[in-house]
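Residue numbers (my numbering): 2 to 882. Note that CB positions come from ideal geometry on N, CA and C, so glycine has one too.
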Amino acid sequence: MPHGLTSYEAQQRLTQYGYNELTEVSKTTPLKILLRQIRSNFIIYMLAVTVGISFFVGKSVTAYTILAVIISVILVGFIQEYKAEESINSLRKMLMPVSIVFRDNKKTELPSREIVPDDVLILGNGEKIPADCELIETYELRVNESALTGESKEIKKSMVIQDIPITDENKVFMGTFIVNGRCLARVTHTGMNTSFGKIAHLISTAEKELPLQEKINDIAKYMVAVATITSIVTGLIMVYRAPLLDSETIIEILILVIALAVSAFPEGFPVVLATTLALGAKRMSEKNAIVNRMSIIETLGEVTVICSDKTGTITRGEMTVKFIFTGNALYEVSGSGYVAHGNITLDGKAIDLEKEKGIYKMIKAGILCNNSEIERTGEDNEYRGMGSPTETSLLILGAKTGLFSESFDYRRINEYTFNSDRKMMSILYYQNGKRIVYAKGAPEIILEKCNQTYDNGNIKTLSKEDISKIADLQREMAKSAFRTLALCYKEVEGVDENYEEDEFVFLGIVAMEDSPREEVSKAIKTAMRAGINVYMITGDSRETALSIAKQIGLDTSDRVLDGQEIDQLSDKELEVKVREVNLFARVKPEHKIRLVRIFKELGETVAMTGDGVNDAPALKEAHVGIAMGKNGTDVSRSSADLILKDDNFATIVSAITEGRTVFNNIRKFVTYQLSCNLAEILTLLVGVIVAPIFGWYTPLLVSIQILFMNLVTDNLPALTLGLNPTSIDIMEEKPRNTENILNKELIKLLITTASFMAVSVLSAYYVSHNVLGLSTDVSRTTALLTFILIEISTAFSFRSFRKFTLNRSPLVNKHLVIASLASMLFTILIIYTPLNVIFETVHIGPLEWTIAIIFNLIMMFFNDITKIINLKNESYLADTR
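As structure tokens, then:
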């Protein structure tokens, strides 16, 4: 075993060479975020023009006020986007890969960024190569170098041989990945000094817009068109009706038109979208679901089918050997998990390992035919596994009897690695002049390779009766949800490293328990209530699959479809079968990708789990590819959209819940902000049109008041609607049946809401000015207050498209409460402090507040009446999930 570097040597090299990471070509810095707020915000340019005009005509107070608005818009956008970027960066850190390295004469797991030159790595099937390396040992090693060459063919690699020149065949490179076998490798180059690092500066991928961003931008374009047309129409009407059309009047009208256009532009959309998505991703990470691609958050809310692996996802993934069958006897093993406490008993009596040669030979084979490791984590014989849970269970079995890999002085010569097609592995050892092969794998595969059996020291011919008895035992074990594994060995002649995997001596079978997770049953019920069909897919036997399905409450009606049956069905026949069967056994990776395609043909939105190299195509094909964070391969994780830190099925359901929440929140803030923007347009436009009828000679609101509302009472509540917590009944609904943010029903809702908001504000002004005879300034201030109160109460109403405003506690969304209080505080400041000179408001008394509150209550009543009417509409129910 290589000694590896010492910690001191590693630290010296880390200081010399730096971290093993690629320098980002286009790193997002705070300055870039700040500049982006200016470059990408058309409103800033419009307001800047207004500032210039105001200074030019001597309206310095107006100019400075609008300048303050510009700074506020930039700061709000910067703060929100910076927080979103920080959240995304924290998620990236969670996805940082780890590697197994020899340090201080032992194996250790550490972040790949801490690898240094001369480190010795252990690399296995499905792992991404973390640095450029020379190969010390190789076992059937094949590598995909498409990341460097663009060609996806598998390249065979071999170890460095002394005195023979080193070529690329003896090297592996950063960014490539192992598709078969394993190796020991010495690091030669890290970070930007690797082959991949040298071309990294040439690679600059432009950030692609998310589908949600595209939809948001499409909505914004329509709103910009509406705002531009209505603002111009309003301005033309004002020009036409102006009693004196001098330069000052034209300038005032121009500033008002620009302010109106600005207020109608949904400039907060990108910021709120980024914040909402980042918060959703953060909440998912807190529930052990790491988002690999932000676009998947939207898709999660649409999922109608979950195809889940059994082992480690539905079950705990902590294998425990419970039974050993060898020499026609069945032994029981006590203990559970990765704690090395337990006894091996026969007929209730503890065995003497020295007398039980068959058991000793089984344990020895399990330890030697093994690529995993265990390390003690503390007292009480508790261990942590590094590698496969199946192999770890064999090492824990050995630990219970005091046997470890160090107990055997064997030299490893060669290995034929496990993969999903072979369903077995074997390792050739040399010891005391003998060459011995140990193998393990699926019982039916191993039995085909054996012609003899070991019976407590005696080797006998493996008869048909023996095979039949073993097969019967395997089926019985499978019915009780035990996973079975067969072990065998043979001695080989000669000195060749290669050998045939046949004519083995059968040692026996171990039966391992991997009990279902307690939370899975509840998660499946939640998914089914939410209209999501759950399918369990496993490589295990039919009997094991059925047993686990019954334990977790998956209604299968005892129907199972296995891999062979899938192969015999046409696509049309399989489409029919998947409507009848939700349990698949003896499934291979190629079956997974076929099932995904069948579900997609049926119009389903599919989430598929996977952990192996060969699962990558199915994960890419699925709408939502889900990889395992603990026991998955690097290849599956890089192909996935979502990574489960805890490998838990219940986490998938939690992620779908969060996906639905995020999309609902986006709909709420979009509908709310457009309602407010449209209401402001309608109020000014209608006000200008009806002004001669009611004797209104000035606009209902002036430019600075419109800008104030846009910044304080439009954007602040909209931001917080994107932060709404998950509704308790969100998983009681079926998956949404549309991809649009704004559908027909929501468009109708926002138009009616905006119209009634405008009518309420116009009515408040009419009552103040025409009925009560209050001055224009008082009436305008009353109208402004009414507008602000109505927008705040509408924000509370839009927390749910279905529930009544007062049926939900205001504290459900504390962010909205704080934003509303802040809006009211700013409103009071511009009315009752010297700021009223700038914002052209005046002090108002209880009468004016009463008018504003009455129209606000009417608006609240209208919002709830709208919900009552809409709840009777099936189309509305379908489109507001």
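| Is the stretch 385 to 397 touching the stretch 361 to 376 in the sense that three or more CB pairs, one from each, lie closer than 8 Å? | Output reads yes: the stretch 385 to 397 touches the stretch 361 to 376.
| Taking DSSP as the reference, what is the three-state secondary structure of residue 674? | What you label residue 674 is simply residue 673 of the sequence shown in a count that begins at 1. Reduced to three states, the DSSP call for residue 674 is helix.
| So does the stretch 505 to 516 actually touch the stretch 477 to 486, counting three or more Cβ pairs closer than 8 Å? | yes
| said: According to DSSP, simplified to helix, strand and coil, what is residue 411? | reply: One-based indexing of the sequence shown puts residue 411 at position 410. If DSSP states are grouped into helix, strand and coil, residue 411 belongs with coil.
| field | At least 3 beta-carbon pairs within less than 8 Å: the stretch 535 to 554 vs the stretch 308 to 324 | value | yes
| field | Three-way DSSP call (helix, strand, coil) for residue 778 in this model | value | Here residue 778 refers to the residue found at position 777 when the sequence shown is read from its first residue. Three-state DSSP puts residue 778 in a helix.
| request: Please state whether DSSP places residue 20 in a helix, a strand or coil. | output: Mapped onto the sequence shown, residue 20 falls at position 19. In this structure, residue 20 counts as coil in the three-state DSSP scheme.
| task | Could you name each continuous alpha helix (DSSP H) segment of 4 residues or more that falls completely within the stretch 663 to 719, going from the start of the chain to the end? | result | 704 to 710
| task | Pick out whichever of 658, 670 and 688 has its Cα sitting closest to the Cα of residue 737. | result | For the purposes of this step, residue 737 is taken as residue 736 along the sequence shown, with counting starting at 1. Per the Cα distances, 658.
| said: My parser needs the alpha helix (DSSP H) runs of 4 or more residues fully inside the stretch 722 to 805; what are they? | reply: At a cut-off of 4 residues, the continuous stretches assigned as alpha helix (DSSP H) that sit fully inside the stretch 722 to 805 are 745 to 767 and 777 to 798.
| So, is residue 120 buried or exposed, given that buried needs 16 or more other C-beta atoms within 10 angstroms? | Taking the first residue of the sequence shown as position 1, residue 120 is located at position 119. Counting Cβ neighbours within 10 Å, residue 120 comes out buried, since at least 16 surround it.
| task | Would you give the residue range spanned by the alpha helix (DSSP H) that residue 283 belongs to? | result | Here residue 283 corresponds to residue number 282 of the sequence shown, with the count starting at 1. From DSSP, the alpha helix (DSSP H) with residue 283 extends over 270 to 287.
| What are the uninterrupted segments assigned as beta strand (DSSP E) that are 3 or more residues long and contained completely in the stretch 542 to 588, given in chain order? | 584 to 586
| query | On the three-state DSSP scale, how would you describe residue 322? | reply | Mapped onto the sequence shown, residue 322 falls at position 321. The answer is strand: DSSP assigns residue 322 an E or B state.
| request: Please check the pair residue 24 and residue 193, which I expect to be a contact at CB under 8 Å, by giving their CB distance rounded to whole angstroms. | output: Numbered from 1 along the sequence shown, position 23 holds the residue referred to as residue 24. Numbered from 1 along the sequence shown, position 192 holds the residue referred to as residue 193. About 6 Å; that satisfies the 8 Å criterion.
| Taking the C-alpha atoms as reference points, what is the distance between residue 275 and residue 332? | Numbered from 1 along the sequence shown, position 274 holds the residue referred to as residue 275. Numbered from 1 along the sequence shown, position 331 holds the residue referred to as residue 332. When rounded, the distance between both Cα atoms is 59 Å.
| Residues near residue 638 by beta carbon distance below 6 Å, same chain, minus five either side | Along the sequence shown, one-based indexing puts residue 638 at 637. Annotation for residue 638: 628 and 644 place their beta carbon closer than 6 Å to its own, counting only its chain and skipping 5 residues before and after.
| Classification of residue 780 by the beta-carbon crowding that lies within 10 angstroms, buried from 16 upward | The residue given as residue 780 occupies position 779 in the sequence shown. Of the other Cβ atoms in all chains shown, 16 or more fall within 10 Å of the Cβ of residue 780; this residue is therefore buried.
| To which residues of the same chain is residue 458 closer than 6 Å at the C-beta, ignoring the five residues directly before and after it? | Taking the first residue of the sequence shown as 1, we reach residue 458 at position 457. Answer for residue 458: 358, listed in chain order.
| Helix, strand or coil: which one does DSSP assign to residue 327? | Residue mapping note: residue 327 aligns to position 326 of the sequence shown, counting from 1. Residue state, collapsed to three classes: strand.
| query | For residue 300 versus residue 534, is the C-beta distance shorter than 8 Å? | reply | Residue numbering aside, residue 300 sits at position 299 when the sequence shown is read from its first letter. Residue numbering aside, residue 534 sits at position 533 when the sequence shown is read from its first letter. Not a contact, by the Cβ cut-off of 8 Å.
| message | So if DSSP puts residue 460 in a beta bridge, which residue, or which two residues, is it bridged to? | response | Translated into positions along the sequence shown, residue 460 becomes position 459. In DSSP, residue 460 forms a bridge with 455.
| For residue 405, three-class secondary structure by DSSP | As a working mapping, residue 405 is identified with position 404 in the sequence shown. Note: residue 405 maps to coil in three-state DSSP.
| Can you name, in chain order, every residue of its own chain whose Cβ lies under 7 Å from the Cβ of residue 384, other than the five neighbours on each side? | To locate residue 384, count along the sequence shown from 1; it is residue 383. Result list for residue 384: 339, 341, 375, 376, 377, 378, 397 and 400, in chain order.
| query | Roughly how many angstroms separate the alpha carbons of residue 6 and residue 335, rounded to a whole number? | reply | Mapped onto the sequence shown, residue 6 falls at position 5. Mapped onto the sequence shown, residue 335 falls at position 334. Distance between the alpha carbons of residue 6 and residue 335: 40 Å.
| said: Using the three-state DSSP reduction, which class does residue 816 fall into: helix, strand or coil? | reply: On the sequence shown, position 815 is the one that residue 816 refers to. In the structure shown, residue 816 falls within a helical segment according to DSSP collapsed to helix, strand and coil.
| field | Residue interval of the beta strand (DSSP E) (run including residue 100) | value | Position 99 of the sequence shown, counted from the start, is the residue given in the question as residue 100. Per DSSP, residue 100 belongs to the beta strand (DSSP E) from 99 to 104.
| said: In whole angstroms, give me the CA-to-CA distance for residue 517 and residue 650. | reply: Here residue 517 corresponds to residue number 516 of the sequence shown, with the count starting at 1. Here residue 650 corresponds to residue number 649 of the sequence shown, with the count starting at 1. For residue 517 and residue 650, the distance between alpha carbons rounds to 10 Å.
| request: Would you decide whether residue 434 is buried or exposed? Buried here means 16 or more other CB atoms lie within 10 Å of its CB. | output: Locating residue 434 in the sequence shown gives position 433, where the first residue counts as 1. Flag for residue 434 reads exposed.
| field | Exposed unless 16 or more other CB atoms sit within 10 angstroms - verdict on residue 822 | value | Reading the sequence shown from its first residue, position 821 is the one you call residue 822. The residue in question, residue 822, is exposed, as its Cβ has fewer than 16 Cβ neighbours within 10 Å.
| Does the ligand ZN have even one heavy atom less than 7 Å from the beta-carbon of residue 525? | This structure lacks the ligand ZN; in fact it carries no ligand of any kind.
| field | CA-to-CA distance, residue 227 to residue 564, given in whole angstroms | value | Along the sequence shown, read from residue 1 onward, the residue named residue 564 stands at position 563. Along the sequence shown, read from residue 1 onward, the residue named residue 227 stands at position 226. The C-alpha of residue 564 lies about 57 Å from the C-alpha of residue 227.
| What is the DSSP secondary structure of residue 811, reduced to helix, strand or coil? | The residue you call residue 811 lines up with position 810 of the sequence shown. It is helical.
| How many angstroms separate the CA atom of residue 147 from the CA atom of residue 190? | Counting from one through the sequence shown, the residue named residue 147 turns up at place 146. Counting from one through the sequence shown, the residue named residue 190 turns up at place 189. Rounded to whole angstroms, residue 147 to residue 190 spans 19 Å at the Cα level.
| message | Suppose the cutoff is 8 Å on Cβ atoms and the five residues either side in sequence are ignored; what does the same chain contact list for residue 137 look like? | response | For this step, residue 137 is matched to residue 136 along the sequence shown. So the qualifying residues of the chain are 3, 121, 160, 161, 184, 185, 186 and 187.
| message | My output table needs one value for residue 658: the three-state DSSP class, helix, strand or coil. | response | In the sequence shown, counting from the first residue as 1, residue 658 sits at position 657. Helix.
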